[in-house]
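Everything below concerns the one structure shown next.
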Amino acid sequence: MATLFRNLSLVLTISFLSCHYLSVTSLASSDGFVRCLLQKIPGELVLTPSSSSFADVLVSSIRNPMFFNNATARPLCIVTPADASHVQAAVLCGRAEGVRLRARSGGHDYEGLSYRSARRGEVFAVVDLGARLRAVSVSGGGDAAAWVESGASLGELYYTVAKSNPGLAFPAGVCPTIGVGGHLSGGGISMMSRKYGLAADNILDAKLVNANGELVDRAAMGEDLFWAIRGGGGESFGIVVSWKVRLVQVPTTVTVFVIGRNVDQGAADVVARWQDVAPSLPPELTIRVIVRGQRATFQSLYLGSCADLVPTMSSMFPELGMTSADCREMSWLQSAALIQFWNPSTPVEALLNRRTSLSTFTKAKSDYVRRAIPSDVWKNILPWFTMNGSGQMLLEPMGGFVGGVPAAATPYPHRSGVLYNIQYIAYWSGDGTAANRWISGLYAFMEPYVSSDPREAYVNFRDLDIGENAVAPNDVSTFESGKVWGEKYFAGNFERLAAVKAAVDPTDYFRNEQSIPPFVGPKQVRKA
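Per mature numbering (1 follows the signal peptide of the UniProt record, and there is no 0): the sequence shown = residues -19 to -1, 1 to 509.
Have a look at this one:
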């Protein structure tokens, strides 16, 4: 049986190679970095603050105005690669000139870490994959797979796959503007996770530019690194420029329903019942819940017809009162548009729209629930949504395929025994005091009812409140500081991720405030 990790000699070898580069912090040279880039890639792909399009490109994928103001640390330039070789050049120039890189695919990072630094004085550049690296290529013949570049949006992936073959789809998130690169790197929960697993469970291969500027695929990077990039979060191990993903079968007709229940219609009791039912439903059926105001909205995707869905709902979840009148039958691609926009007249081409808005500030947090919360407690939770500054809570069921995968199979550990994931979101414009007080207060209130030791969180709902890396005098993020937040995202997989980091990027070139720190310890090698 092969060892789990390359041994310490590999760490020392890579450390030796890394010594050919200058220290990233002490000798950072912005002018030298730009000059180096211009020698290696076309000038129109490098945007400096003096470029007329710099601000437009920077803001093009920013989703939160909180991270686009005069206090935000800006990149010294933006690289808009059109080819993997341009990403390699950026890494080589960055290492040589002491400039770190932050890679952005869709800009949905809740803390903005793909395009800004929370650390004052850090010299960095942005590699904007979403500008030009967005191709989707669906395999012909009987190979149900596609290569997709990291800068493509989920909407672009869905549209291209379905137009190529309406019987194929990919199990990933609801929001079509999310970038493929970041979503797959963190796991990727979807309305089809219970049937087909996470997006990361369906990655077959990848092409990554590592810390030495080499372009490697699965065979060349090895299984340890391939394991780490499928759920271990972005910005830690290199820049993935493209992914080969397994496509899944969907029927010609799927069914969508949306049913709302107000507090005076027994919303608390129905949500309490949903907790037991949703993880145990047939895997073809997913029902998620959105709580906002005094209303719980049950939103469902069923991979089948209304005629088959109604008896299932009647027998397994009669409390919701679903009937055939609630059904909307359509193609899977149409369902992707309807679930996002909830307007039957919205064309599927809306999935291709990457336009963003800076009108609304947001803050998000997450939890996982392993024991159903009693109805009486839900009656105390719902009043939180009448408070000043209240936002919403999104409950996404687990179970099925995603729950049957071993916790160590990928870095995403929230598998067996998890009933559902919670995403809390606060929104505001202007003064955000009430909204931030609301989300912090609700998160504290929920502590007795969610997972503990650790209190689990989802890395794709990044939250700097749960911890940030500290950087040691040797300019490397410390394992101890990373463990504080890392075990919440990755549980027992965090130490293995840190050992992989030590093997492939021991000098911690690829880093942000919550990147995996390198760790050399007893778990680095597991003998057969």
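For glycine and all other residues, C-beta sits at the position ideal for the given N, C-alpha and C.
Task: Burial state of A407 (16 or more Cβ within 10 Å) - done: Locating residue 407 in the sequence shown gives position 426, where the first residue counts as 1. Buried is the call here.
Could you give the distance in angstroms between the alpha-carbon of S312 and the alpha-carbon of P147?
One-based indexing of the sequence shown puts residue 312 at position 331. One-based indexing of the sequence shown puts residue 147 at position 166. Cα to Cα, S312 sits roughly 8 Å from P147.
Practice prompt. For K469, count neighbouring Cβ atoms within 10 angstroms of its own Cβ and tell me buried if that reaches 16, exposed if not.
Written response: Position 488 of the sequence shown, counting from 1, holds the residue named residue 469. The residue is buried, with at least 16 neighbouring Cβ atoms inside 10 Å.
So is T367 buried or exposed if we call it buried at 16+ other beta carbons inside 10 Å? Your numbering for residue 367 matches position 386 in the sequence shown. Counting Cβ neighbours within 10 Å, T367 comes out exposed, since fewer than 16 surround it.
Could you tell me if A318 is buried or exposed, where buried requires 16 or more neighbouring beta carbons within 10 angstroms of its beta carbon?
The residue labelled residue 318 in the question sits at position 337 within the sequence shown. Its Cβ being crowded by 16 or more others within 10 Å, A318 is buried.
Q. If you follow the beta strand (DSSP E) that R85 is part of, which residue opens it and which one closes it?
A. Residue 85 sits at position 104 when you count from the first residue of the sequence shown. Membership of R85 in the beta strand (DSSP E) is indicated by the continuous run 81 to 85.
- Mind checking which residues open and close the alpha helix (DSSP H) that includes W359? Here the question's residue 359 lines up with position 378 in the sequence shown. That run of the alpha helix (DSSP H) goes 356 to 362.
Q.
I believe K176 touches G398 by the beta-carbon criterion, under 8 Å. Please report the beta-carbon distance rounded to the nearest angstrom.
A. Position 195 of the sequence shown, counted from the start, is the residue given in the question as residue 176. Position 417 of the sequence shown, counted from the start, is the residue given in the question as residue 398. Wrong, their Cβ atoms sit about 19 Å apart, outside the cutoff.
Worksheet item: If you follow the alpha helix (DSSP H) that Y424 is part of, which residue opens it and which one closes it?
Response: By 1-based counting over the sequence shown, the position of residue 424 is 443. Unbroken alpha helix (DSSP H) run through Y424: 414 to 427.
Given 8 Å as the limit, is there contact between the stretch 137 to 153 and the stretch 166 to 173, that is, 3 or more CB pairs closer than that? yes
For the alpha helix (DSSP H) that L282 lies in, which residues bound it at each end?
By 1-based counting over the sequence shown, the position of residue 282 is 301. Not the alpha helix (DSSP H): L282 falls in the beta strand (DSSP E), residues 276 to 283.
Item to check | Where G136 falls, given that 16 or more other Cβ within 10 Å makes a residue buried | outcome: Taking the first residue of the sequence shown as position 1, residue 136 is located at position 155. The residue in question, G136, is buried, as its Cβ has 16 or more Cβ neighbours within 10 Å.
Along the alpha helix (DSSP H) that carries P292, what are the first and last residues, could you check?
Stepping through the sequence shown from its first residue, residue 292 is reached at position 311. Here the alpha helix (DSSP H) through P292 covers 287 to 297.
List the DSSP bridge partners of F342. The count along the sequence shown starts at 1 and reaches residue 342 at position 361. Beta-bridge pairing links F342 to W409.
Check: What do you reckon, are the CB atoms on E78 and G13 nearer than 8 Å?
Finding: Position 97 of the sequence shown, counted from the first residue, corresponds to residue 78. Position 32 of the sequence shown, counted from the first residue, corresponds to residue 13. In contact: E78 and G13 (Cβ atoms closer than 8 Å).
task: Count the other CB atoms, across all protein chains shown, that sit within 10 Å of the CB of E437; report buried if there are 16 or more and exposed otherwise.
output: Translated into positions along the sequence shown, residue 437 becomes position 456. Buried: at least 16 other Cβ atoms inside 10 Å.
* Using the Cα positions of W365 and W419, report the straight-line distance between them to the nearest angstrom. => Indexing the sequence shown from 1 puts residue 365 at position 384. Indexing the sequence shown from 1 puts residue 419 at position 438. Approximately 8 Å, taken between the alpha carbons.
Return the residue from the list L189, T236, V231 that minimises the CA-CA distance to S217. For this step, residue 217 is matched to residue 236 along the sequence shown. Out of L189, T236, V231, L189 has the C-alpha closest to the C-alpha of S217.
| query | Along the chain, where does the beta strand (DSSP E) that runs through residue 511 open and close? | reply | Nothing about residue 511 can be read from this structure; the chain reaches only from -19 to 509.
Is it the case that the Cβ atoms of P260 and M379 are separated by a distance below 8 Å? If you number the sequence shown from 1, residue 260 lands on position 279. If you number the sequence shown from 1, residue 379 lands on position 398. Less than 8 Å divides the Cβ of P260 from the Cβ of M379.
Measuring only the C-alpha atoms, how far is R76 from L18? Counting from 1 along the sequence shown, the entry for residue 76 is found at position 95. Counting from 1 along the sequence shown, the entry for residue 18 is found at position 37. Whole-angstrom Cα-Cα distance: 12 Å.
Quiz item: Who are residue 539's beta bridge partners in DSSP?
Solution: Outside the shown range of the chain, which is -19 to 509, sits residue 539, and nothing can be said about it.
Can you give the Cα-Cα distance for G162 and I362, rounded to whole angstroms? The residue given as residue 162 occupies position 181 in the sequence shown. The residue given as residue 362 occupies position 381 in the sequence shown. Spanning the two alpha carbons is a distance of roughly 35 Å.
Using CA coordinates, which residue listed in A65, K346, F298, I159 is at the minimum distance from A133? In the sequence shown, the residue the question calls residue 133 occupies position 152. Here the closest residue by C-alpha is I159.
Exercise for the section: Assuming M303 and F207 form a contact by the criterion Cβ under 8 Å, report the distance between their Cβ atoms to the nearest whole angstrom. Expected result: Against the sequence shown, residue 303 aligns to sequence position 322. Against the sequence shown, residue 207 aligns to sequence position 226. About 42 Å; that fails the 8 Å criterion.
Notebook entry, point to check: Could you give the residue range of the beta strand (DSSP E) that holds T236?
Noted result: By 1-based counting over the sequence shown, the position of residue 236 is 255. T236 -> beta strand (DSSP E) spans 235 to 243.
Bridge partners for N402 per DSSP, in chain order?
Numbered from 1 along the sequence shown, position 421 holds the residue referred to as residue 402. BP columns for N402 point to Y349, E377.
Exercise for the section: Look at the alpha carbon of F48 and the alpha carbon of G88, and state the distance between them as a whole number of angstroms. Expected result: Counted from its first residue, the sequence shown places residue 48 at position 67. Counted from its first residue, the sequence shown places residue 88 at position 107. Approximately 11 Å between the Cα atoms of the pair.
Checklist entry - Can you round the beta-carbon distance between A248 and R276 to whole angstroms, since I take them to be within the 8 Å contact cut? => result By one-based count along the sequence shown, residue 248 stands at place 267. By one-based count along the sequence shown, residue 276 stands at place 295. At roughly 7 Å, the Cβ-Cβ gap stays under 8 Å, so A248 and R276 are in contact.
**Study point:** Delimiting residues of the beta strand (DSSP E) encompassing D109
**Key:** Locating residue 109 in the sequence shown gives position 128, where the first residue counts as 1. Residues 105 to 109.
| query | Between the C-alpha atoms of S223 and W128, what's the straight-line distance to the nearest angstrom? | reply | For this step, residue 223 is matched to residue 242 along the sequence shown. For this step, residue 128 is matched to residue 147 along the sequence shown. Rounded to the nearest angstrom, the two C-alpha atoms are 7 Å apart.
Using a threshold of 8 Å, state whether the C-beta atoms of Y96 and F442 are closer than that.
-> In the sequence shown, the residue the question calls residue 96 occupies position 115. In the sequence shown, the residue the question calls residue 442 occupies position 461. No, Cβ-Cβ distance for Y96 and F442 is not below 8 Å.
Exercise. Measuring CB to CB, does R269 end up less than 8 Å from Q280?
Worked result: Position 288 of the sequence shown, counted from the first residue, corresponds to residue 269. Position 299 of the sequence shown, counted from the first residue, corresponds to residue 280. Yes, the Cβ-Cβ distance between R269 and Q280 is below 8 Å.
**Prompt:** What's the call for A112, buried or exposed, on a 16-neighbour Cβ count within 10 Å?
**Reply:** Along the sequence shown, one-based indexing puts residue 112 at 131. When all chains shown are included, A112 counts as buried.
Considering only the beta carbon of each residue, do V350 and Y424 sit closer than 8 Å? Within the sequence shown, the letter at position 369 stands for residue 350. Within the sequence shown, the letter at position 443 stands for residue 424. No, Cβ-Cβ distance for V350 and Y424 is not below 8 Å.
field: Reduced DSSP secondary structure (H/G/I, E/B, other) of residue 519
entry: Here the chain has residues from -19 to 509 only, and residue 519 is not among them.
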